[in-house]
Amino acid sequence: MQWSIAAYYMIAAGVIGALVAAPFGAVDLMAVPRGTRARRIGAVHGAGNAAVVLLFAGSWALRPAATVVPSDLALTLSFAGASLAVVTAWLGGELVSRLGIGVSDTANVNAPSSLEGEPRERRMDTSDPRTFPD
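Residue 261 in the working numbering sits at position 21 of the sequence shown, with consecutive numbering throughout.
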């Protein structure tokens with residue numbers, strides 16, 4: 241029962257926090273050049289996060305009070321929201337870490353996915369000792 245109470249208030253806080261953060265994300269997205277990989281990832285990241293908020297808001301709405309054990313549907317919506325949040329968090333990491341959005345003035349807005357490994361020009365040739373950093 242205590243977990244249900246904590247979840248009730250944490251979901252409410254998360255939805256409110258997401259609604260506060262969303263306009264700032266939209267402003268950041270507008271600064272990314274159109275037609276770039278970063279813009280596409282940012283759009284999917286934002287749309288996915290909107291879906292996460294809707295899933296959690298639906299879960300919260302299905303919980304009549306903090307002290308009531310949530311229904312199976314409320315739990316399903318929460319778990320779906322959490323699963324999707326993992327994906328959108330990875331996309332946000334791609335934007336910041338891989339593409340440099342919001343981090344570097346020389347961001348590579350078309351860098352390949354982190355799932356593809358290091359870009360070819362950044363890979364070290366282990367057979368050539370001159371390529372190892374000092």
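Where is the CB? At the ideal position from N, CA and C, for every residue including glycine.
Work out the CA separation of Gly333 and Leu324 for me, nearest whole Å.
14 angstroms
Can you tell me whether Ala325 is helix, strand or coil according to DSSP?
helix
For Leu335 versus Ile281, is the C-beta distance shorter than 8 angstroms?
yes
Tell me whether Ala290 sits in a helix, a strand or coil according to DSSP, three-state version.
helix
Residue nearest to Phe296 in terms of C-alpha spacing, selected from His285, Ala314, Pro263 and Asn348
Ala314
Select from Ala246, Ala258 and Gly288 the residue whose C-alpha is nearest the C-alpha of Ala320.
Gly288
Tell whether a beta-carbon distance below 8 angstroms holds between Thr307 and Ile245.
yes
Which residue's Cα is closest to the Cα of Ala301: Thr328, Gln242, Val327 and Val255?
Val255
On the three-state DSSP scale, how would you describe Met250?
helix
Between the beta-carbon of Val343 and the beta-carbon of Arg277, is there less than 8 angstroms?
no
Exposed or buried, what is Leu259 when buried is set at 16 or more other beta-carbons lying within 10 Å of its beta-carbon?
exposed
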